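Beneath this line is the structure, given in structure tokens, with notes to follow.
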Amino acid sequence: DAGVIQSPRHEVTEMGQEVTLRCKPISGHNSLFWYRQTMMRGLELLIYFNNNVPIDDSGMPEDRFSAKMPNASFSTLKIQPSEPRDSAVYFCASSLGEGQPQHFGDGTRLSIL
Amino acid sequence: DQQVKQNSPSLSVQEGRISILNCDYTNSMFDYFLWYKKYPAEGPTFLISISSIKDKNEDGRFTVFLNKSAKHLSLHIVPSQPGDSAVYFCAAKENYGQNFVFGPGTRLSVLP
Chain A
21 DAGVIQSPRH EVTEMGQEVT LRCKPISGHN SLFWYRQTMM RGLELLIYFN
71 NNVPIDDSGM PEDRFSAKMP NASFSTLKIQ PSEPRDSAVY FCASSLGEGQ
121 PQHFGDGTRL SIL
Chain B
7 DQQVKQNSPS LSVQEGRISI LNCDYTNSMF DYFLWYKKYP AEGPTFLISI
57 SSIKDKNEDG RFTVFLNKSA KHLSLHIVPS QPGDSAVYFC AAKENYGQNF
107 VFGPGTRLSV LP
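Taken in order, these protein sequences are the chains called A and B.
In terms of our numbering, the first sequence is residues 21 to 133.
In terms of our numbering, the second sequence is residues 7 to 118.
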């Protein structure tokens, strides 16, 4: 039973470069979430989608961040241009919908040099 | 300002004893709460949930208690096992939407 799949698991790049994180949610799940985890701020919700439509992006830190969900089985989180302070672990999660627990992927550890 | 607080960064418990992890929240609109467990290099895993219409929910060795007047919930693990050693996150949301707010986590170590 495949869980949420994220790629890459690790990404190291230089500041100013574009970074794209990918997520495949659990089949049949209607909601998808992107989180960022840092030592300072813990686990923060960046954005979530219901049925491929962005519902709440109030957690997206700045215009350098963007997220898309072109279909029910794929989502991307893009940072352009990247900065060292974007270094964190980024998690994707999916759920069956309102009030249902979220299932997390194993995260992408991003390091911006 | 943190809306969900877990004031104990770490907790050590002997195997077989009870582990009690605490969580406090400030937003009185929160009405649904979850606990997640997280191992290193993995994503959080859902453990147990409780809605504000209940004050207790039990699932095997895990029980969550909710005290709405005190804005406090706790997770009890009985008996504790070495495999329970992980970071535990409390999360909460309001009635509508799916914007879960997570606490900073408590690292539990169960000693054999």
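Positions of the beta carbon are idealized from the N, C-alpha and C atoms, including for glycine.
Since this is a predicted model, take the numbers as computed values, not measurements.
For Glu-118(A), the chain B residues whose C-beta falls within less than 9 Å of its own C-beta are Tyr-102, Gly-103, Gln-104, listed in chain order.
When Cβ-Cβ separations below 8 Å define contact, Leu-40(B) makes contact with chain A. Collapsing the DSSP output to three states places Gly-62(A) in a strand.
His-30(A) is outside the set of residues whose beta carbon lies under 8 Å from a beta carbon in chain B. The straight-line gap separating the alpha-carbon atoms of Val-10(B) and Pro-50(B) is approximately 17 Å. If you look at Ile-83(B), you'll find it in the beta strand (DSSP E) that goes 78 to 83. In the DSSP assignment, His-49(A) falls outside any beta strand (DSSP E) and carries neither an H nor an E. Residues of chain A with a Cβ closer than 8 Å to the Cβ of Phe-52(B) are, in chain order, Pro-121, Gln-122, His-123.
In the three-state DSSP reduction, Arg-56(A) falls in the strand class (E or B). In this structure, Ala-76(B) lies away from Tyr-38(B), with their beta-carbon atoms at least 8 Å apart. For the region 47 to 76 of chain B, the continuous beta strand (DSSP E) assignments of 3+ residues that do not extend past its boundaries occur at 51 to 57, 62 to 65, 68 to 73, in sequence order.
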